[in-house]
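K.L.:
Mind looking over this structure? Questions follow.
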Amino acid sequence: MARGPDGQGGGAGFSLADQLFNAETVGDLAREHAILPGFDADAFQARAVAGLATRGLLERLDWLADCLTPYLPEDFPAMADALEAAMPPPLDPALEDDDFGRFIHALPGILAVRHGLDDHRDRALDLLHAATRRFSMEFYIRPFLDRWPDATLARLHLWAQDDNYHVRRLVSEGTRPRLPWARAVRLAPDQTLPLLDALYADPTRYVTRSVANHLNDLSKTSPDAVLARLGKWREQGQQDTAELGWMTRHALRTRVKDGHPGSLRFLGFDPDAPVACSVALTGPARIGGTLDFRVTLDSAQALPVVVDYVLETPTPAGAMRRKVFKLKQTRLDAGGTLMLTKSHRLKAGASTFTLLAGAGRLTIQVNGVARAACDLTLSV
Numbered sequence: 043m044a045r046g047p048d049g050q051g052g053g054a055g056f057s058l059a060d061q062l063f064n065a066e067t068v069g070d071l072a073r074e075h076a077i078l079p080g081f082d083a084d085a086f087q088a089r090a091v092a093g094l095a096t097r098g099l100l101e102r103l104d105w106l107a108d109c110l111t112p113y114l115p116e117d118f119p120a121m122a123d124a125l126e127a128a129m130p131p132p133l134d135p136a137l138e139d140d141d142f143g144r145f146i147h148a149l150p151g152i153l154a155v156r157h158g159l160d161d162h163r164d165r166a167l168d169l170l171h172a173a174t175r176r177f178s179m180e181f182y183i184r185p186f187l188d189r190w191p192d193a194t195l196a197r198l199h200l201w202a203q204d205d206n207y208h209v210r211r212l213v214s215e216g217t218r219p220r221l222p223w224a225r226a227v228r229l230a231p232d233q234t235l236p237l238l239d240a241l242y243a244d245p246t247r248y249v250t251r252s253v254a255n256h257l258n259d260l261s262k263t264s265p266d267a268v269l270a271r272l273g274k275w276r277e278q279g280q281q282d283t284a285e286l287g288w289m290t291r292h293a294l295r296t297r298v299k300d301g302h303p304g305s306l307r308f309l310g311f312d313p314d315a316p317v318a319c320s321v322a323l324t325g326p327a328r329i330g331g332t333l334d335f336r337v338t339l340d341s342a343q344a345l346p347v348v349v350d351y352v353l354e355t356p357t358p359a360g361a362m363r364r365k366v367f368k369l370k371q372t373r374l375d376a377g378g379t380l381m382l383t384k385s386h387r388l389k390a391g392a393s394t395f396t397l398l399a400g401a402g403r404l405t406i407q408v409n410g411v412a413r414a415a416c417d418l419t420l421s422v
């Protein structure tokens, strides 16, 4: 489940912030920095833990950086040396996916921005290079892209060839147009797409997923540029066909939900395909229960289809909230009939939004085009 920067989510009483920052994790941080001259591990831990309760997730990172700073040299190059000396071993370079690291190891990134951004750019970037092998520096490279775009992009071009896949992923993830929780970066597609050219054929899924997410972000404003790049990569044939196919579907997922004709055609789905479609509810729509429905598809031709459903529900302001969900990607037989059923959970008290009783609507999209719809009534 996605969680906001306050660290809440995952059910009543759950706090991601408490899971990530507590006496145990702060104790680990204290032990790692015990090599610093004059470092008082007990005093650091006591002060740091005492200040956690009133702070959210990102605020706790800043607070831990505040607590660590008095034990570090004021001169930034010396500070960076001390931070690197206290770093734990790098994450396992033999792994290929989802080895994100521990949030407590974000502190070098915070301090690089605070103390190195303006006057010690190159040493600060060196620090981020070392730190991202322990925890992703995707948040902390972005201020450097804003302050020093040319120099930082030049460094990222070098890092795109790095032996460590965490460093290579940072090149894509750190330049994403819409990185969750992070500050925006003012980069044009022609500045970031050359970086992705160096990464799309990467053998590591952790990197290629980031490339696909980057393209998905970019597709919301520059879909033609994304399609052109995907077409170029398809022609070059440097990435495994199955992996590039997965990347392409992942990169275009938002545009497919939006019914973007060019994206659908690129994936082999014809928005103008002659498909007959009907939808029917098969039960009441109760909040806390499910929305059950049946979709019937008919086609005189054999053709591939991607089927989505759009659920519109009332909001407290009296408007309608619209959300698109995946239903099925399949192939219709010529002259055949395909029946699909779905039981959509209508969760009560969700942390991201609250369902309200009232009139709603269910629409079925086939290859991005609305083909059938029915009204519904949400009840409690």
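Here the sequence shown is numbered in the working numbering, starting from 43 and rising by one per residue. The C-beta atom is built at its ideal place from N, Cα and C for all residues, glycine as well. Just so we're clear, the structure is a prediction, and the values are computed from it rather than from any experiment.
1) Can you tell me the Cα-Cα spacing of A344 and A172, whole angstroms?
2) Using alpha carbons as the reference points, say which of A202, C416 and P222 lies closest to P326.
3) Please name the residue or residues paired with D417 in a DSSP beta bridge.
4) Quick one: using the 10 Å Cβ neighbour count with 16 as the cut-off for buried, is V91 buried or exposed?
5) List the DSSP bridge partners of A83.
6) Is there contact between the segment 311-330 and the segment 281-294, where contact requires at least three CB pairs shorter than 8 Å?
7) Quick check on DSSP: helix, strand or coil for D282?
8) Considering only the alpha carbon of each residue, which of K299, G360 and P356 lies closest to V366?
9) Taking DSSP's pairing of strands, which residues face K365 in a bridge?
10) I'd like to confirm the pairing. Which residues does DSSP put opposite P22 in its beta bridges?
11) Grouping DSSP H, G and I as helix and E and B as strand, with all else coil, what is R295?
12) Rounding to the nearest angstrom, what Cα-Cα distance links S305 and R328 in this structure?
13) If you measure from the CB of A148, is any heavy atom of the ligand ATP nearer than 7 Å?
14) In this structure, what does DSSP give as the bridge partners for R328?
15) Quick check on R184: does DSSP put it in helix, strand or coil?
16) Under DSSP, the alpha helix (DSSP H) around A65 begins and ends at which residues?
17) Residues in the same chain with beta-carbon distance under 8 Å from M129, minus the five sequence neighbours each way, listed in chain order, please.
18) For W275, collect the residues of the same chain with a Cβ closer than 6 Å to its Cβ; drop the 5 residues on either side in sequence, then sort them by chain order.
19) For T332, which residues of its own chain have a beta-carbon under 7 Å away from its beta-carbon, when the five flanking residues on both sides are left out?
20) In three-state terms, what does DSSP make of A226?
21) Suppose the cutoff is 6 Å on Cβ atoms and the five residues either side in sequence are ignored; what does the same chain contact list for V349 look like?
22) Going by DSSP, what residue range makes up the beta strand (DSSP E) through M381?
23) The beta strand (DSSP E) with A318 in it runs from where to where?
24) Consult DSSP for N409 and reduce its assignment to one of helix, strand or coil.
25) Look up G143 in the DSSP assignment and give the residues it is bridged to.
26) Mapping DSSP to helix, strand and coil, what is L260?
27) Taking only three categories from DSSP, how would you classify F395?
28) Going by C-alpha distance, which of D60, T283 and R307 is nearest V411?
29) Which residue from L420, P265, E126 and S214 puts its Cα closest to that of T194?
30) Can you name, in chain order, every residue of its own chain whose Cβ lies under 7 Å from the Cβ of R218, other than the five neighbours on each side?
P.N.:
In short:
1) The residue given as residue 344 occupies position 302 in the sequence shown. The residue given as residue 172 occupies position 130 in the sequence shown. In a straight line, the C-alpha of A344 is about 54 Å away from that of A172.
2) The count along the sequence shown starts at 1 and reaches residue 326 at position 284. When only C-alpha atoms are compared, the closest one is C416.
3) Translated into positions along the sequence shown, residue 417 becomes position 375. Its beta-bridge partners are R403.
4) As a working note, residue 91 is residue 49 in the sequence shown. The residue is buried, with at least 16 neighbouring Cβ atoms inside 10 Å.
5) Your numbering for residue 83 matches position 41 in the sequence shown. In DSSP, A83 forms no bridge with anything.
6) no
7) Position 240 of the sequence shown, counted from the first residue, corresponds to residue 282. If DSSP states are grouped into helix, strand and coil, D282 belongs with coil.
8) Against the sequence shown, residue 366 aligns to sequence position 324. Comparing Cα-Cα distances from V366 to each of K299, G360 and P356, the minimum goes to K299.
9) By one-based count along the sequence shown, residue 365 stands at place 323. Paired residue(s): L353.
10) The structure shown has nothing for residue 22, since the chain only spans 43 to 422.
11) Along the sequence shown, one-based indexing puts residue 295 at 253. Residue state, collapsed to three classes: helix.
12) Locating residue 305 in the sequence shown gives position 263, where the first residue counts as 1. Locating residue 328 in the sequence shown gives position 286, where the first residue counts as 1. Using only the alpha carbons, I get a separation of about 35 Å.
13) With respect to the ligand ATP, the structure offers nothing, as it holds no ligand at all.
14) Against the sequence shown, residue 328 aligns to sequence position 286. Note: R328 sits in a beta bridge opposite S421.
15) In the sequence shown, counting from the first residue as 1, residue 184 sits at position 142. Three-state result, R184: helix.
16) Counted from its first residue, the sequence shown places residue 65 at position 23. Element bounds for A65: A65 to E74.
17) If you number the sequence shown from 1, residue 129 lands on position 87. Hits under 8 Å: E74, H147, P150, A172, A173 and R176.
18) On the sequence shown, residue 275 is found 233 positions in, with the first residue counted as 1. Around W275: Y242.
19) As a working mapping, residue 332 is identified with position 290 in the sequence shown. Only S385, H386, R387 and L388 meet the Cβ criterion.
20) The residue labelled residue 226 in the question sits at position 184 within the sequence shown. Correct three-state label for A226: coil.
21) Residue numbering aside, residue 349 sits at position 307 when the sequence shown is read from its first letter. Correct list, in chain order: L369, K370 and V408.
22) Taking the first residue of the sequence shown as 1, we reach residue 381 at position 339. That run of the beta strand (DSSP E) goes T379 to R387.
23) As a working mapping, residue 318 is identified with position 276 in the sequence shown. A318 -> beta strand (DSSP E) spans V317 to L323.
24) One-based indexing of the sequence shown puts residue 409 at position 367. If DSSP states are grouped into helix, strand and coil, N409 belongs with coil.
25) Indexing the sequence shown from 1 puts residue 143 at position 101. DSSP lists F177 as partners of G143.
26) Locating residue 260 in the sequence shown gives position 218, where the first residue counts as 1. In the structure shown, L260 sits in a helix (DSSP, three-state: H, G or I).
27) Mapped onto the sequence shown, residue 395 falls at position 353. Reduced to three states, the DSSP call for F395 is coil.
28) Locating residue 411 in the sequence shown gives position 369, where the first residue counts as 1. Selected option, being the one with the closest Cα: R307.
29) Stepping through the sequence shown from its first residue, residue 194 is reached at position 152. Here the closest residue by C-alpha is S214.
30) As a first step, residue 218 must be located in the sequence shown, where it is residue number 176. Within the same chain, R218 has close Cβ partners N255, H256 and D259.
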